[in-house]
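Residues in the sequence shown are numbered from 19 upward in steps of one, following our numbering.
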Amino acid sequence: MANAEVVKVCAVSALVDGVAKSFMVRDQIIILAKWDGKIHALSGECTHDGNDLDGSTVADGQIECPRHGAKFDIITGNVLRMPAVVGLRKFEVKEVNGEIFVAL
């Protein structure tokens, strides 16, 4: 997180396992998702058509856009299924005393 702006996003208790939750952070939508015991942060809009990924299901390490079914790797943000062809941006996450911080 060196040389990056670190921003507090929410409490860990605000997240539900397997469901992405979006937050507006410094004028950009970021999703946080708990999966496999870890918290992941990615850009929160599908790169196919800009759909907000809030509430999207995370299963088998993948997050699926509910609008057209594009899938992304929850760890890397890489595209796993079209119609998206560009991956989601990944953000570094740190948990401190039950609070989640993201490096922008």
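We put the beta carbon where it would ideally sit given N, CA and C, even for glycine.
Between which residues of its own chain and V104 is the CB-CB distance below 8 Å, once the five residues before and five after are set aside? Taking the sequence shown and counting its residues from 1, one reaches residue 104 at position 86. Cβ within range, chain order: T65, V97.
Closest Cβ-Cβ distance between V114 and chain C: below 8 Å? The structure shown contains no chain C; it holds only a single protein chain.
For the region 29–67, which segments carrying the beta strand (DSSP E) assignment without a break, of at least 3 residues, lie completely within its bounds, in sequence order? DSSP runs (the beta strand (DSSP E)) wholly in the region 29–67: 39–43, 46–53, 56–61.
Inter-residue spacing [alpha-carbon to alpha-carbon] between F109 and D67: Position 91 of the sequence shown, counted from the first residue, corresponds to residue 109. Position 49 of the sequence shown, counted from the first residue, corresponds to residue 67. Rounded to whole angstroms, F109 to D67 spans 21 Å at the Cα level.
Helix or strand or just coil, what does DSSP make of I92? Here residue 92 corresponds to residue number 74 of the sequence shown, with the count starting at 1. Reduced to three states, the DSSP call for I92 is coil.
Quick one: using the 10 Å Cβ neighbour count with 16 as the cut-off for buried, is A59 buried or exposed? Locating residue 59 in the sequence shown gives position 41, counting from the first residue. It is buried - the Cβ of A59 has at least 16 other Cβ atoms within 10 Å.
Residues near P84 in its chain [Cβ-Cβ closer than 7 Å; skip 5 each side]: Your numbering for residue 84 matches position 66 in the sequence shown. Excluding sequence neighbours, P84 sits near S74.
For I81 and K89, I'd like the C-alpha separation in whole angstroms. By one-based count along the sequence shown, residue 81 stands at place 63. By one-based count along the sequence shown, residue 89 stands at place 71. I81 and K89: Cα-Cα distance of roughly 6 Å.
Contact check, N26 vs E117 under 8 Å by CB: the rounded distance? Here residue 26 refers to the residue found at position 8 of the sequence shown. Here residue 117 refers to the residue found at position 99 of the sequence shown. For the sequence presented, residue 26 should be read as Lys rather than Asn. Contact holds; Cβ gap of about 6 Å.
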